[in-house]
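Some notes on the structure that comes next.
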Amino acid sequence: MPRRSLLAALLLAVLGSGAAQVAPAVSAVPPVSSLPAGFSVPAGAGDSIYPALGTPGLDVTHYDLSIRSDPRIDTLSGQAVLNITALSDLNQIALDFAGPTTSEVLLNDQVARFAQVGEKLLILPSTPLKAGTRFTLGVTYQGTPALHLDLGLRLGWITQDDASYTYSEPDAAHTYFPCNDLPADGASFTLHLDVPAGYTAVASGVQTGQHSQNGRTVTDFDLPQETATYALGIQVGRLDVVTRPRAGNVALRDAFPTDTPPSVRAPFARVADMLSVLTGWFGPYPFAVYGVALTHDPQLLALETATLSTFPAREQGEEVGLHELAHQWFGDSVRLGDWSDVWLNEGFATYAELLWAEHLGQDSRSLLRRWYTALMRQAARPLVATAAPQLFDSTSYQRGALTLHVLRLKIGDASFRRVLQQYAASYAGRSARTADFLNVVREVSGQTAVDALQPWVSSPSLPPLPRILKKVLART
Ligand SMILES: [Zn+2]
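Residue 131 is where the sequence shown starts when you use the numbering used here, and the numbers rise one by one after that.
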């Protein structure tokens, strides 16, 4: 997502729906006292920022989601089939799930005992599952997606303005489907979205089918690349789906609410040029399709939902579109191994704005100056975050981007391009941490390049601008 300003956060807090100001009532881990006999308190997967989310020892490889919804009401019914590999022996399977009520769980097509407590769905296999076992879980559910607030935003499955859409970063995908809700565990997806006549469903991935019956339409989507749960984008509304000419192998389609004026659609027109510029730096675009989906909410912050970035319905600069497109490489294809490393998403997408500005022949020095000035005004910290409020601060964005620029000045454009391409290719469909990126830097350009980055990565204070950059900025 783009860097959120304090003003935007305040606006959201003040203007958001009344309900959005109510703190969520459930906690991620259920108390022991609420558990039925036989179930145990699940351990979270141990993410540094969201330790209660996810389950250690679970690898979900695929989600097949059938979601029946109606933008006029805020309930949905769903059926999720998860393909899972047990990475350790499991006496109990714990998924993140808050909101709709589960009515049935099938483990390898056999009815299984389950409990839905707190923000967890717990399932008891009849006999413990051994490490290495592959199994399927089918979950049937119906109800209202949980109201989920984090970082001053309303997240999850949102129904308003005659539309429904997903907006789940960082931790809200489990408000509308049961999942292992951490980017470290990505999965492929197939979707079957069942909506009333007059509405259109669009989603991450390639549309593979559609049929209508009894006043409803089911549309199918396939996203074969392993992607984070929060990055799954779905939108249901009265939409105008616009197909653009393909850009090489990449199909292009956008979804605009039918009343979207041309001035709001305009910033997305140069997507083919943007793809070409970013491909030149990052390597091949990692998916088969790309486009944007606009919501009616003018306050929303853009979000890099995979292959179908989500945007607010207001006039905005082209650089926001560019930023979310860059996330398709860094955030969606290369996933976070831990939320504390979010600069690997945001620093890279912010730096892409400079690459685009250079392509347009603009003076990138003003951007560099603005980034450094913004950082001087904030309390400094190392790049790796230690708490949720830090995730989307200027360190993740601008210090992350400046770190990449320092690297580029140190090793030159050709090596910098090799670092970006090798990192994007090596970790496509996988998760990465800060050390993984530094290892790629070391492989391409040696330890001296890593050493040059260390103050920018690790120092608790803001490093002074390197002399070479100072000179560049001093030039008029
Ligand atoms: Zn971003």
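Even glycine gets a Cβ: it sits at the ideal position worked out from N, Cα and C. Here the structure is a predicted model, which means the values were calculated and not measured.
Same chain, Cβ closer than 6 angstroms to E454, neighbours up to 5 away in sequence not counted: A432, E434 and S439
Run through DSSP, which three-state label would Q151 get? Because the pLDDT of Q151 is 35, which lies under 50, any placement of that residue in the model is unreliable, and the number read from its coordinates should be weighed accordingly. In this structure, Q151 counts as helix in the three-state DSSP scheme.
From what residue to what residue does the beta strand (DSSP E) around V472 run? Run containing V472: none; DSSP gives neither H nor E here.
Is it true that the CB of Q365 sits closer than 8 angstroms to the CB of A402? no
For Q355, which residues of its own chain have a beta-carbon under 7 angstroms away from its beta-carbon, when the five flanking residues on both sides are left out? S318, P416, F417, S463 and G559
Report the option in L251, D219, S218 and A436 whose CA atom is closest to the CA atom of T359. A436
Does the pairing of the region 517 to 529 with the region 540 to 559 give three or more beta-carbon distances under 8 angstroms? no
Beta-carbon within less than 6 angstroms of S178's beta-carbon, same chain only, minus the 5 sequence neighbours each way: which residues are those? D468 and S470
Closer than 5 angstroms between the C-beta and any heavy atom of ligand 1: which residues qualify, listed along the chain? M131, E476 and A479
Could you please give the first and the last residue of the uninterrupted beta strand (DSSP E) stretch that includes D92? Residue 92 cannot be examined here, being either before or after the span of the chain that is shown, 131 to 606.
Tell me whether R374 sits in a helix, a strand or coil according to DSSP, three-state version. strand
Whose C-beta lies closer than 7 angstroms to the C-beta of S545 among residues of the same chain, with five residues either side of it excluded? V574 and S575
Could you tell me if G410 is buried or exposed, where buried requires 16 or more neighbouring beta carbons within 10 angstroms of its beta carbon? exposed
Considering Y193, what are the terminal residues of the beta strand (DSSP E) in which it resides? L188 to S199
What is the rounded straight-line gap between the Cα of S298 and the Cα of D427? 15 angstroms
Cβ neighbour criterion (16 or more within 10 Å) applied to K250: buried
So, with DSSP's three-state summary, where would you put Q209? strand
Expressed to the nearest angstrom, what Euclidean distance is found between the alpha-carbon atoms of L382 and D352? 15 angstroms
Assigned secondary structure, S589 (DSSP; H/G/I helix, E/B strand, else coil): coil
Proximity below 8 angstroms, CB of G262 to CB of A216: yes
In whole angstroms, give me the CA-to-CA distance for R198 and A276. 16 angstroms
Taking the straight line between their C-alpha atoms, what separation do you get for M506 and I203? 47 angstroms
The beta strand (DSSP E) that contains G286, what's its start and end? L283 to Q290
Closest residue to K260 among P387, R465, I223 and Y329 (Cα-Cα distance): I223
For D523, which of V536, A504 and L534 has the nearest alpha-carbon? A504
So, at 7 angstroms on beta carbons, what are the nonlocal neighbours of R499 in its own chain, with the 5 sequence-adjacent residues on each side left out? L603
Measuring only the C-alpha atoms, how far is W459 from L283? 25 angstroms
For P132, is the classification buried or exposed, using 16 other Cβ atoms within 10 angstroms of its Cβ as the cut-off for buried? buried
Where T564 and Q552 are concerned, what is the direct C-alpha to C-alpha distance, given to the nearest angstrom? 15 angstroms
Residue environment, N344, which counts as buried when at least 16 other CB atoms sit within 10 Å: exposed
Residues in its own chain within less than 6 angstroms of R572 by CB, not counting five upstream and five downstream? V580
Measure the C-alpha to C-alpha separation of E483 and S294 and round it to an integer number of angstroms. 30 angstroms
For D581, which three-state DSSP category applies? helix
Under a three-way DSSP split, which group does K600 fall into? DSSP places K600 in helix when its eight states are reduced to three.
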